[in-house]
Amino acid sequence: MNFKITIEKRQTSKIAEFYPENIGFGKIFTDHMFLANWDGLEWKDARIVPYGPIPLSPATSAIHYGQSIFEGMKAFSHSHDKGIHLFRPLENWMRFNISAERMVMPYVPKELYIDGLKTLLKLESAWVPKNEKGSLYIRPFMFATDDFIGVTPSKTFIFVIFCCPVGPYYSKPLKIKVEETYSRSAPGGVGYVKCAGNYGGAMFPTLQAQKEGYDQVLWTDPLTHTLIEETGTSNLFAVINGEVITPPLSATLLSGITRNSVIKGLRHLGYEVNERPLSILALKNALNDGSLAELFITGTAATLVGIQGFGHRDAYFDVMDQGNNAVSTHIKTWLDNVRHGNIPDELDWNVKI
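Numbering (this note's numbering), first residue to last: 33 to 385.
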């Protein structure tokens, strides 16, 4: 299936306002965006236009009933071939459609998703940071556009991709609070998909944790609040007695692309990695007996960040005081080198545009 993509270029680029040494995260947007419309039967009007507001009716279905999904991806500049490379885009495309199916939204064909990405990135290649601390963050998303008030699946949708050059998401190791009152998701819910409501519902407990001096929430299982699931934006890993442990995927846990990359990368480097349940009690016991060496989180935005410590009820447990961070440092360095093309891409993850 081929989609003709029309291009309307911005007359004057904004890139003169772009300062790669101080870009932050999510505040600067490139010149163009990609859009396509679902009319109830097919995708049509694939186009690239100057980045800007999208006109919407006050009755737009997504605003009222939450039919909205998104992805987070990155592209990197490779010094060895001077090219721009996407990191594992097919995995993001597949996860996007898993989310779409659960949220009663149309399937986005690979050709539309990948061709839209590549065409947009060729146009925006100058925006990809050349330094190895930066990357181009890419946000594909889709939302319902029916101009109708009524709790029913929308018949029309818009698919959009826009980009922003970014630096590190976090500037230091994090302190996280174990959450035992609120739940991010529940069995039978939408915890395993990347829909907008998952993040909106998490904001209140996250804000409460931040008022207590923490950076993020560590979600626990919704039934017993004893098993670790994930943090607000990332998957969690623990290094205990030399074994790298991460909670297994479930209907309440997002299948992170970076999580999968770290698991495969660690095994490629010779580490023992197991996906198995990990309780808060086991984590505290491992810290007390000295077997917990590291805690870290992974995600597209964050990449990999160490956990300074965690709060549980009225106690705070410092992890980094006794840890050496050897595993997380090793895998982060290796992953960064793969994504920037500094070492051979032996797992075939980079896709040149």
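Here a beta-carbon is modelled for each residue, glycine too, at the ideal position from N, C-alpha and C.
DSSP places MET137 outside both helix and strand once states are collapsed to three, so it counts as coil. Annotation for PHE102: no alpha helix (DSSP H) segment contains it, though the beta strand (DSSP E) segment containing it runs 100–102.
Its chain contains LEU336 as the residues whose beta carbon lies nearer than 6 Å to that of LYS364, once the 5 sequence neighbours on both sides are disregarded; these appear in chain order.
Per DSSP, reduced to three states, the secondary structure at ASP77 is strand. Contiguous beta strand (DSSP E) elements confined to the region 139–215 occur at 167–176, 189–198 and 206–211, taking only those with 3 or more residues. For LYS106, the uninterrupted beta strand (DSSP E) run begins and ends at 105–109, by DSSP.
The beta carbon of ASP368 is closer than 6 Å to none in its chain, skipping five residues each way along the sequence. Of the other Cβ atoms in all chains shown, 16 or more fall within 10 Å of the Cβ of PHE108; this residue is therefore buried.
By the 16-neighbour rule on beta-carbons within 10 angstroms, THR290 is buried. By the beta-carbon neighbour count (other beta carbons within 10 angstroms, threshold 16), HIS117 is buried. Where ALA325 is concerned, the enclosing beta strand (DSSP E) starts and stops at 324–331. Comparing C-alpha distances from TYR145 to each of THR92, ASP178, ARG79 and ASN357 shows the shortest one belongs to ARG79. Contact between THR330 and SER266 is confirmed by a C-beta separation of about 6 Å, below the 8 Å threshold. Residue burial is scored here from C-beta neighbours: LEU298 has at least 16 other C-beta atoms within 10 angstroms and is therefore classed as buried.
Beta-bridge partners of LEU268 (DSSP): ILE329.
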